[in-house]
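J.: One rule links them: number in my numbering = place in the sequence shown (from 1) + 27. Got a structure for you, questions after.
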Amino acid sequence: MGSGTQGAAHVRRSVSQSGALRGPAATARWFRVGAAALLLLGLLLVGSATPASAHATLVDGRPADRSALDTAPAEVSLTFSEPVTVPRGGLRVLDAEARRVDLGPVDTGNASVVAVALPPDLPDGAYVVSYRVISADSHPIGGVRTFTVGDGVEEVAATTLAAIADDGTSVAARRVGQLLRGLGYGALLLATGAAFTGWLIVRRPADRAVAHQLAVWSALIGVVVSLVGVPVQAVAVTGELGAAWSVVGLWETATSSFGVASIVRSALLAVLATVLLAGLPGVLAAALAAGALGTVVLDGHQRSVPPTWLLVTGDLVHVGAAAVWFGGLVVLAAVLGRRSTRPEAVPAAGLVARFSGVALVAAVLVALGGTAMAWPLVGQPAALVGTAYGLTLLAKLATVGVVVLVAAYNRFRLVPAIVAGATVSGGAPGGAEPPVGSTEVADAVAPGALAVDLEQRRATTAWSQLQRTLRLEVALLSGVLLLTGVLATTQPAAEAAGFGGVFETTLPLGAELELDLVVDPNVVGRNTFHLYVLDATGRPSEAVEDVRLELTFVPAGIGPIRIEPFFAGPGHWIATTEALSFAGDWEVRVVAGVDRFTEHTATVTVPVAP
């Protein structure tokens with residue numbers, strides 16, 4: 028009996044000596060870890076974003092790029108793949124001396140089409156069309172096009188064109204903006220999730236104080252990031268550094284969907300921090316947190332993809348559940364980092380058990396909301412494996428699945444072991460409420476000292492594992508947030524695969540050229556192929572003499588069906604055909620003849636919708 032008591036005492040001493048960092052030092056450490064995680068999330072979002080991620084693309088322009096006109100057009104118009112907004116001066120026509128000559132914007136009655144009027148007496152000469160618009164997800168899209176009026180007119184000088192097309196300032200601002208978006212997204216989820224956790228799950232005042240501190244600091248970070256993002260967005264949209272302090276530039280950005288969402292979010296997060304610092308009722312903090320989360324639907328791609336109501340509802344459910352899950356996990360890890368195994372094992376395990384129930388509901392809601400959002404954006408299962416969006420979504424789902432498995436291991440394996448170790452030596456201290464299942468575990472434990480020692484050893488091991496697995500859950504959910512950010516800046520799978528209508532992709536054509544292939548409307552029957560051969564600068568190239576198409580229906584091995592497109596302008600070929608007579612995967616092979624002896628080929632699979 029004595030040896031068993033000494034063994035149990037040894038276990039208690041070892042637990043005390045090897046316990047996790049406790050008190051203010053542990054809380055400070057978790058604040059630092061949280062801040063580092065937010066920064067890392069933002070940096071990873073910057074690294075993962077590419078220029079091709081913008082959802083809106085230019086699908087047509089009048090006059091055509093590099094076209095030679097006999098008479099001046101009445102206007103210049105550009106058509107995009109989705110609704111866009113045009114900032115002040117976002118569409119301009121300039122002459123060869125970079126002087127603006129257009130008369131201002133024209134109301135086209137179509138949010139996907141933008142236009143400016145030209146003077147009726149526009150003289151012969153070379154002209155540059157410079158455009159910069161904002162897609163539905165607040166990403167700026169820009170470029171230049173040229174045309175000439177009259178006979179024998181030379182094109183705009185390369186130096187002038189390069190100066191007009193210079194986008195260095197805008198690109199840098201977009202990178203900074205992506206960093207701020209990542210930080211702001213993480214701060215929003217952590218602040219609101221910690222506030223909900225402090226209201227719904229945490230019971231001890233000291234633990235609730237930890238949750239509130241995390242929520243306050245995260246909210247303040249979110250306020251700063253959201254407000255700083257407004258002038259950065261102004262620079263990204265205009266391409267001019269002065270827009271950061273220009274009254275006109277700031278006003279345009281502040282009144283855009285991006286600006287309204289940022290300002291409303293900042294205000295709600297600031298009030299949330301104030302309420303928590305003042306110790307006002309938790310229900311008020313929860314209401315403010317819900318309002319802050321609701322701002323995610325004020326700006327984003329879900330507002331332009333039908334059915335809008337489904338995507339908006341799914342986004343709200345998805346983000347709200349993710350906030351509770353992620354914020355709750357961080358709070359849980361921070362709280363447990365302040366506790367030792369004894370005498371606080373049972374209340375700690377009870378906290379884990381309570382959070383597990385909430386996390387289960389959150390996981391179900393995340394799945395439901397994510398499904399509601401993903402279905403319109405994916406369209407068909409084939410788009411999951413054939414597009415960057417689909418593969419990223421699968422990676423996100425797999426990561427969430429691992430998190431659920433880790434959480435289940437915590438709830439059904441580690442928590443009962445911790446409770447059993449504490450219960451056999453005297454029950455929950457201080458009248459703490461043991462979690463569900465503790466009575467059954469206590470009844471099954473032998474009363475001998477050896478059994479007590481064994482259970483406490485198991486409890487010690489389980490406690491150590493629980494702290495590690497909680498940190499693992501936080502890391503995995505941070506990865507989920509990263510993948511969510513990547514999805515937000517990636518072309519939807521249905522659109523990329525052609526299930527959402529027009530199919531468009533860009534392929535390498537030889538070592539120095541690119542092929543932009545468009546299939547419209549990409550359904551069984553009559554379709555029009557547009558083939559754009561582009562140089563390294565993204566402008567139409569005249570290096571290709573002729574182009575042909577070879578179409579093969581992969582499931583039945585029908586083909587290749589050879590089609591000769593007609594030349595429509597510099598670097599542009601068009602073919603209208605009814606060859607796509609079956610739904611499914613069609614292999615499209617493009618053969619471009621550079622000269623009599625040289626050909627470049629590009630092949631892509633086009634999933635044709637019924």
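Yeah, the Cβ is synthetic: ideal placement off N, Cα and C, and Gly gets one too. All values reported here derive from a predicted model rather than from experimental measurement.
1) Could you say which of S284, V529, R115, V446 lies nearest to E109 if we only look at CA atoms?
2) Pick from G598, T555, G586, L578: whose alpha carbon is nearest that of D562?
3) Secondary structure at T628, three-state DSSP: helix, strand or coil?
4) Could you give the first and the last residue of the continuous beta strand (DSSP E) run that contains H166?
5) How far does the beta strand (DSSP E) with F107 in it reach, from first residue to last?
6) Tell me, which residues are paired with P567 by DSSP?
7) From D92 to L268, what does the alpha carbon distance come to, in whole angstroms?
8) What did DSSP end up calling L514 once you bin it into helix, strand or coil?
9) In this structure, does DSSP put L149 in helix, strand or coil?
10) Using 8 Å as the threshold, is the C-beta distance between A222 and L299 below it?
11) Identify which residue in V615, L121, W600 has its Cα closest to the Cα of V581.
12) How many Å lie between V412 and D612 at the Cα?
13) So, under 8 Å CB-CB, P592 and L558 are touching, yes? Tell me the CB distance rounded to an integer number of Å.
14) Would you give the residue range spanned by the alpha helix (DSSP H) that F439 belongs to?
15) Which of the three DSSP states is assigned to I228 in this structure?
16) Select from A434, L540, V259, A294 the residue whose C-alpha is nearest the C-alpha of L277.
17) Helix or strand or just coil, what does DSSP make of W278?
18) Does P535 pass the burial test, meaning 16 or more other C-beta atoms within 10 Å, or should it be called exposed?
19) Return helix, strand or coil for L544, following the three-state DSSP convention.
20) Measure the Cβ-Cβ separation of A606 and A636 and say whether it is below 8 Å.
21) In three-state terms, what does DSSP make of W272?
22) On the criterion of 16 or more Cβ atoms from any shown chain inside 10 Å, does N437 qualify as buried, or is it exposed?
23) Less than 8 Å between the CB atoms is what I'm expecting for P587 and T579, so what's the real figure, rounded?
24) Residues in the same chain with beta-carbon distance under 6 Å from V128, minus the five sequence neighbours each way, listed in chain order, please.
25) Can you list, in chain order, the residues of its chain whose CB lies under 7 Å from that of L217, leaving out five sequence neighbours each side?
26) I need the straight-line Cα distance from L510 to V501, nearest angstrom please.
27) From the DSSP secondary-structure annotation, give me the bridge partner or partners of H599.
28) Tell me the residue span of the alpha helix (DSSP H) that contains S289.
29) Rounded to whole angstroms, what is the Cα-Cα separation between A619 and A570?
T.: Answer, in terms of the structure:
1) As a position in the sequence shown, residue 109 is number 82, starting the count at 1. It is V529 whose Cα lies nearest to the Cα of E109.
2) Within the sequence shown, residue 562 is the residue found at index 535, counting from 1. G598 is the residue among G598, T555, G586, L578 whose C-alpha sits nearest the C-alpha of D562.
3) Position 601 of the sequence shown, counted from the first residue, corresponds to residue 628. Assignment of T628 by DSSP, reduced to helix, strand and coil, places it in the strand class.
4) The sequence position of residue 166 within the sequence shown is 139, counting from 1. Here H166 belongs to no beta strand (DSSP E), and DSSP marks it neither H nor E.
5) As a position in the sequence shown, residue 107 is number 80, starting the count at 1. Element bounds for F107: 102 to 107.
6) Numbered from 1 along the sequence shown, position 540 holds the residue referred to as residue 567. Among the bridge pairs identified by DSSP, P567 is matched with L561.
7) Taking the sequence shown and counting its residues from 1, the one referred to as residue 92 is at position 65. Taking the sequence shown and counting its residues from 1, the one referred to as residue 268 is at position 241. Cα to Cα, the separation comes out at about 28 Å.
8) Along the sequence shown, read from residue 1 onward, the residue named residue 514 stands at position 487. Here L514 sits in helix by DSSP.
9) To locate residue 149, count along the sequence shown from 1; it is residue 122. L149 falls in the coil class under three-state DSSP.
10) As a first step, residue 222 must be located in the sequence shown, where it is residue number 195. As a first step, residue 299 must be located in the sequence shown, where it is residue number 272. Contact check for A222 against L299 passes: the beta carbons are separated by less than 8 Å.
11) If you number the sequence shown from 1, residue 581 lands on position 554. Here the closest residue by C-alpha is V615.
12) Sequence index remark: in the sequence shown, residue 412 carries index 385 (1-based). Sequence index remark: in the sequence shown, residue 612 carries index 585 (1-based). Whole-angstrom Cα-Cα distance: 13 Å.
13) Position 565 of the sequence shown, counted from the first residue, corresponds to residue 592. Position 531 of the sequence shown, counted from the first residue, corresponds to residue 558. Right, their Cβ atoms sit about 6 Å apart.
14) Counting from one through the sequence shown, the residue named residue 439 turns up at place 412. It is not in any alpha helix (DSSP H) - F439 carries neither H nor E in the DSSP assignment.
15) Taking the sequence shown and counting its residues from 1, the one referred to as residue 228 is at position 201. In the three-state reduction of the DSSP assignment, I228 falls in the coil class, being assigned neither a helical nor a strand state.
16) Here residue 277 refers to the residue found at position 250 of the sequence shown. If we check each option's Cα against that of L277, V259 comes out closest.
17) On the sequence shown, position 251 is the one that residue 278 refers to. Correct three-state label for W278: helix.
18) Counting from 1 along the sequence shown, the entry for residue 535 is found at position 508. With fewer than 16 Cβ atoms within 10 Å of its Cβ, P535 is classed as exposed.
19) Reading the sequence shown from its first residue, position 517 is the one you call residue 544. L544: strand per DSSP, three-state reduction.
20) As a position in the sequence shown, residue 606 is number 579, starting the count at 1. As a position in the sequence shown, residue 636 is number 609, starting the count at 1. A636 is positioned such that its CB atom lies no closer than 8 Å to that of A606.
21) One-based indexing of the sequence shown puts residue 272 at position 245. W272 carries a coil assignment under DSSP once its states are collapsed to helix, strand and coil.
22) Taking the sequence shown and counting its residues from 1, the one referred to as residue 437 is at position 410. When all chains shown are included, N437 counts as buried.
23) The count along the sequence shown starts at 1 and reaches residue 587 at position 560. The count along the sequence shown starts at 1 and reaches residue 579 at position 552. Sure, about 5 Å apart at Cβ, within 8 Å.
24) Position 101 of the sequence shown, counting from 1, holds the residue named residue 128. Excluding sequence neighbours, V128 sits near V120, D122.
25) The sequence position of residue 217 within the sequence shown is 190, counting from 1. When the five nearest sequence neighbours on each side are left out, the beta carbons in the same chain lying within less than 7 Å of the beta carbon of L217 are those of G61, L241, S245, F353, G354, V357, in order along the chain.
26) Locating residue 510 in the sequence shown gives position 483, counting from the first residue. Locating residue 501 in the sequence shown gives position 474, counting from the first residue. Roughly 14 Å separates the two Cα atoms.
27) Walking along the sequence shown from the start, residue 599 turns up at place 572. Paired residue(s): Y559, G596.
28) Stepping through the sequence shown from its first residue, residue 289 is reached at position 262. Taken as a continuous stretch (DSSP letters only), the alpha helix (DSSP H) holding S289 covers 284 to 305.
29) Looking up residue 619 in the sequence shown gives position 592. Looking up residue 570 in the sequence shown gives position 543. Spanning the two alpha carbons is a distance of roughly 10 Å.
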